[in-house]
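Just so you know, the sequence shown maps onto residues 2 to 517 in this note's numbering.
For each residue, glycine too, the CB sits at the ideal point set by N, CA and C.
Since the structure is predicted, the reported quantities are computational estimates derived from the model, not experimental observations.
Okay, so here's the structure we're looking at.
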Amino acid sequence: MTLSIIPRPASIKVGDGFFLLDSSVALRGIGTTPEEARALGGVFRSTTGLLLEAVAADGQADKLIVLSLDNEVRGLGDEGYRLRSTKRTVEITAKTREGIAYGLQTLAQLISPPLHAPDSNGVYSIPAVEIEDYPRFRWRGAMLDVARYFMPKEFLIKFIDLLALHKLNVLHLHLTDDQGWRIEIRKYPRLTEIGSRRKATLVGHLSASPGNRIYDNVPHGGYYTQAEIRELVRYAADRCITIVPEIDMPGHMQAAIASYPEIGVLSAPVEVATEWGVKEHILNPTSRTIAFVQDILAEIMELFPSEYIHVGGDEAVKTQWQNSAEVQKMINDLGVADENELQSYFIRQMGNYLRKHGRSLVGWDEIMEGGVAEGAVVMSWRGIEGGTAAAKQGHDVVMAPNEYTYLDYYQSKNTDAEPLAIGGYLPLSKVYAYDPVPAELDHEAAGHILGVQGQIWTEYIAGPDQVEYMAFPRLCALSEVAWTPKSARDYRDFSMRLPAHLKRLDARNVKYRPVE
Ligand code: TNX
């Protein structure tokens, strides 16, 4: 029998026979308080869609599904679980609530026929198995750019469920960029009043010269209120997913500068950007601007309990700094060598501020230019060099190299048959082949690789259907890169499991790209 579990568990042994799941089955929590047992029942329901009667820890029933929280369980790490099913019982054992939740995700994938309909007798069956499973990495992420195109809250809810299905545990939200500011900040209301709207969007690629560009003249906007953010954060946390917010600075800030020109270098009005590409507008790193941005981070920390707060740092063009007498004087007064060191100085102010509040700064690998702030986590996107160097220096690293993890790239060489994309070529097999630990790292440095993340930049992804098309099934492959032990990974085996898994995506109405 082939089981089509994605991501593939660390180890599976298939036994004989089936556990038949019908309405006589009861759910029992062991090692749990009554509230935890109820909560686990809720996880069971939201994972499998099935409502089972919960019985007391010593309660009897003919057939049982037992969820056992056991602090003493060894060898499964903090997020692992053991799942044993026989004809009479299914038992999931884990050290933590996360482990139980992952066990339930696996259980949901074992149930056949798939959960949306039982067989003609109203029965589902679960094959007898013994599974031991735990993640390879603790950062298993997907980044969604909601700045270039706003994505409705309802879609983020669906996307969170899809991440949970794949045992991914980080949703990195790219909340701000030149083309839009997407989160309510109480202290600075113009960020959303002005910054969340652009008057038009460029049509096609940014290839024509400025005078020859075509715009759609359709205003685009949207943002999340703080109440909506709280709802999303809670929804994600219930599914073992941390939302890591990104406020991109000091570049990629044109929407904020359009809202508050005084934080820019030119102090002159500028509009929210209507086309893609790297902009030259950049924050003026004065103490006033630093205080302004820290006020924003204060509200961000209130909303997002995540230990990690992302401050971007990518693609900050320095020409405005070079041409500004005020900024040059600052370089001089601070005694920093150049514009790169000034950016490091700026990022360090953010790192210190976050650390004072018990949080850790994450930045794209450009934060290493001019010296990386103490304790900063580096997200390596321009290949793996930045991440490799950072890990050697003792920094934690999330691998996100564009060549392997940019899900905005084309999925086929036949680009004419694909919807317009930013470029590149990243087929499913290549995502699958990626290994997040660079071969040259020794054991200690390798320990600094927190994990891996897939990126969905949305310059050419105007809405949810297109996100799903670009993200799936490549995110299925990435989940296995992030979760499955390297030794258990095999692309042919994955390809054989994928068709059944795509049916799970069909049941959730996911508009994934068909597999050739
Ligand atoms: C580079 S990756 C960017 C983004 C773009 C992306 C497009 C990174 C940190 N910056 O601003 O959306 O390329 O693939």
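Check: For the beta strand (DSSP E) that contains residue 457, what are its first and last residues?
Finding: Position 456 of the sequence shown, counted from the start, is the residue given in the question as residue 457. Start and end: 450 to 457.
Item checked: Boundaries (first-last residue) of the beta strand (DSSP E) holding residue 14 -> If you number the sequence shown from 1, residue 14 lands on position 13. 12 to 22 is the span of the beta strand (DSSP E), which, as asked, contains residue 14.
Check: Hey, would you say the C-beta of residue 313 is under 8 Å away from at least one heavy atom of the ligand TNX?
Finding: What you label residue 313 is simply residue 312 of the sequence shown in a count that begins at 1. Checking the Cβ of residue 313 against the ligand TNX gives yes.
Item checked: Cut-off 6 Å between Cβ atoms - residues of its own chain near residue 86, not counting five sequence neighbours on either side -> Here the question's residue 86 lines up with position 85 in the sequence shown. Counting only Cβ-Cβ distances below 6 Å, and skipping sequence neighbours, we find 20, 127, 129 and 130.
Next item on the list: Would you be able to state if there are at least three C-beta pairs under 8 Å between the stretch 279 to 291 and the stretch 319 to 327?
Entry: yes
Next item on the list: Compare the C-alpha of residue 352 against each of 339, 337, 368 and 338 and name the closest.
Entry: Numbered from its first residue, the sequence shown carries residue 352 at position 351. Closest option to residue 352, Cα to Cα, is 368.
Margin query: Using a Cβ-Cβ cutoff of less than 6 Å, which residues in the same chain neighbour residue 438 once the five nearest sequence positions on both sides are dropped?
Written below: One-based indexing of the sequence shown puts residue 438 at position 437. For residue 438, where only same-chain residues beyond five positions count, the Cβ hits under 6 Å are 447 and 450.
Next item on the list: Check the DSSP bridge columns for residue 182 and list the partner residues they point to.
Entry: Taking the first residue of the sequence shown as position 1, residue 182 is located at position 181. DSSP lists 177 as partners of residue 182.
Check: According to DSSP, is residue 499 helix, strand or coil?
Finding: Taking the sequence shown and counting its residues from 1, the one referred to as residue 499 is at position 498. DSSP places residue 499 in helix when its eight states are reduced to three.
Item checked: Same chain, Cβ closer than 8 Å to residue 453, five either side skipped, listed in chain order -> Start at 1 with the first residue of the sequence shown, and residue 453 comes out as number 452. Counting only Cβ-Cβ distances below 8 Å, and skipping sequence neighbours, we find 138, 140, 141, 142, 399, 400, 401, 406, 435, 437, 479, 482 and 483.
Next item on the list: Would you grab the beta carbon distance between residue 93 and residue 104 for me? Rounded to a whole angstrom, and I think it's under 8 Å.
Entry: Your numbering for residue 93 matches position 92 in the sequence shown. Your numbering for residue 104 matches position 103 in the sequence shown. Indeed they touch by this definition, with Cβ atoms about 4 Å apart.
Next item on the list: Return the chain-ordered list of same chain residues with a C-beta closer than 6 Å to the C-beta of residue 372, the five sequence neighbours on each side being excluded.
Entry: Walking along the sequence shown from the start, residue 372 turns up at place 371. The residues are 345.
Notebook entry, point to check: Closer than 8 Å: is that where the CB of residue 397 sits relative to any heavy atom of the ligand TNX?
Noted result: In the sequence shown, the residue the question calls residue 397 occupies position 396. No; taking the cut-off as 8 Å, the Cβ of residue 397 has no heavy atom of the ligand TNX nearer than that.
Check: Since residue 291 is in the alpha helix (DSSP H), which residue starts that stretch and which ends it?
Finding: Numbered from its first residue, the sequence shown carries residue 291 at position 290. Taken as a continuous stretch (DSSP letters only), the alpha helix (DSSP H) holding residue 291 covers 288 to 304.
Note to self: Can you tell me whether residue 207 is buried or exposed? The criterion is at least 16 other CB atoms within 10 Å of its CB, across all chains shown.
What the structure shows: What you label residue 207 is simply residue 206 of the sequence shown in a count that begins at 1. Label assigned to residue 207: exposed.
Checklist line | CA-to-CA distance, residue 147 to residue 275, given in whole angstroms | finding: The residue given as residue 275 occupies position 274 in the sequence shown. The residue given as residue 147 occupies position 146 in the sequence shown. So the two alpha carbons sit approximately 15 Å from each other.
Margin query: Rounding to the nearest angstrom, what Cα-Cα distance links residue 177 and residue 198 in this structure?
Written below: Position 176 of the sequence shown, counting from 1, holds the residue named residue 177. Position 197 of the sequence shown, counting from 1, holds the residue named residue 198. So the alpha carbons of these two residues sit roughly 12 Å apart.
Margin query: Measuring straight from C-alpha to C-alpha, what distance separates residue 396 and residue 418?
Written below: Start at 1 with the first residue of the sequence shown, and residue 396 comes out as number 395. Start at 1 with the first residue of the sequence shown, and residue 418 comes out as number 417. If I take the Cα positions, the gap works out to 42 Å.
Next item on the list: Would you grab the beta carbon distance between residue 339 and residue 332 for me? Rounded to a whole angstrom, and I think it's under 8 Å.
Entry: Locating residue 339 in the sequence shown gives position 338, counting from the first residue. Locating residue 332 in the sequence shown gives position 331, counting from the first residue. Yes, residue 339 and residue 332 are in contact; Cβ-Cβ is about 7 Å, under 8 Å.
Note to self: Quick check on residue 91: does DSSP put it in helix, strand or coil?
What the structure shows: Within the sequence shown, numbered from 1, the residue matching residue 91 stands at position 90. The answer is strand: DSSP assigns residue 91 an E or B state.
Notebook entry, point to check: Where in the stretch 81 to 161 do unbroken runs of the beta strand (DSSP E), each at least 3 residues long, occur, reported from the N-terminal end onward?
Noted result: 82 to 86, 90 to 95, 125 to 134 and 140 to 146
Notebook entry, point to check: Rounded C-beta distance between residue 54 and residue 27? I'm assuming under 8 Å.
Noted result: Here residue 54 corresponds to residue number 53 of the sequence shown, with the count starting at 1. Here residue 27 corresponds to residue number 26 of the sequence shown, with the count starting at 1. Sure, about 5 Å apart at Cβ, within 8 Å.
Notebook entry, point to check: Using a threshold of 8 Å, is the CB atom of residue 344 nearer than that to any non-hydrogen atom of the ligand TNX?
Noted result: The residue labelled residue 344 in the question sits at position 343 within the sequence shown. No - the ligand TNX has no heavy atom lying nearer than 8 Å to the Cβ of residue 344.
Checklist line | Distance cut-off 8 Å: residue 149 Cβ against heavy atoms of the ligand TNX | finding: Along the sequence shown, read from residue 1 onward, the residue named residue 149 stands at position 148. Yes, Cβ of residue 149 sits closer than 8 Å to a heavy atom of the ligand TNX.
Item checked: Counted within 10 angstroms of its Cβ, other Cβ atoms place residue 432 as buried (16 or more) or exposed -> Here residue 432 refers to the residue found at position 431 when the sequence shown is read from its first residue. Counting Cβ neighbours within 10 Å, residue 432 comes out buried, since at least 16 surround it.
Next item on the list: Could you check the C-alpha separation between residue 337 and residue 343 for me, to the nearest Å?
Entry: Here the question's residue 337 lines up with position 336 in the sequence shown. Here the question's residue 343 lines up with position 342 in the sequence shown. If you take the alpha carbons of residue 337 and residue 343, they lie about 6 Å apart.
Check: Do residue 407 and the ligand TNX come close, with the Cβ less than 8 Å from some heavy atom?
Finding: Counting from one through the sequence shown, the residue named residue 407 turns up at place 406. Checking every heavy atom of the ligand TNX against the Cβ of residue 407, one is found closer than 8 Å.
Checklist line | Bridge partner(s) assigned by DSSP for residue 221 | finding: Here residue 221 refers to the residue found at position 220 of the sequence shown. In DSSP, residue 221 forms a bridge with 199.
Check: For residue 219, does the count of other Cβ atoms within 10 angstroms reach 16, so buried, or fall short, so exposed?
Finding: Within the sequence shown, the letter at position 218 stands for residue 219. It counts as exposed.
Next item on the list: Give a yes or no on contact between the stretch 27 to 44 and the stretch 149 to 165, applying the rule of three or more CB pairs nearer than 8 Å.
Entry: no
Next item on the list: Consider the Cβ of residue 78: report whether some Cβ of chain B lies at a distance smaller than 9 Å.
Entry: Here chain B cannot be found, since the structure has a single protein chain.
Next item on the list: Note down the Cα distance separating residue 118 from residue 500, rounded to an integer number of angstroms.
Entry: For the purposes of this step, residue 118 is identified with residue 117 of the sequence shown, where counting begins at 1. For the purposes of this step, residue 500 is identified with residue 499 of the sequence shown, where counting begins at 1. Approximately 18 Å between the Cα atoms of the pair.
Checklist line | Alpha-carbon spacing of residue 172 relative to residue 184, whole angstroms | finding: Stepping through the sequence shown from its first residue, residue 172 is reached at position 171. Stepping through the sequence shown from its first residue, residue 184 is reached at position 183. Using only the alpha carbons, I get a separation of about 16 Å.
Next item on the list: Report whether the distance from the Cβ of residue 382 to the nearest heavy atom of the ligand TNX is below 8 Å.
Entry: The sequence position of residue 382 within the sequence shown is 381, counting from 1. Yes, the ligand TNX has a heavy atom inside 8 Å of this Cβ.
Check: Looking at residue 184 and the ligand TNX, is the gap between the Cβ and the nearest heavy atom below 8 Å?
Finding: In the sequence shown, counting from the first residue as 1, residue 184 sits at position 183. Answer for residue 184: no, Cβ out of range of the ligand TNX.
Item checked: Among 30, 277 and 261, nearest to residue 216 - alpha-carbon criterion -> Numbered from its first residue, the sequence shown carries residue 216 at position 215. Taking only the C-alpha atoms, the option nearest residue 216 is 277.
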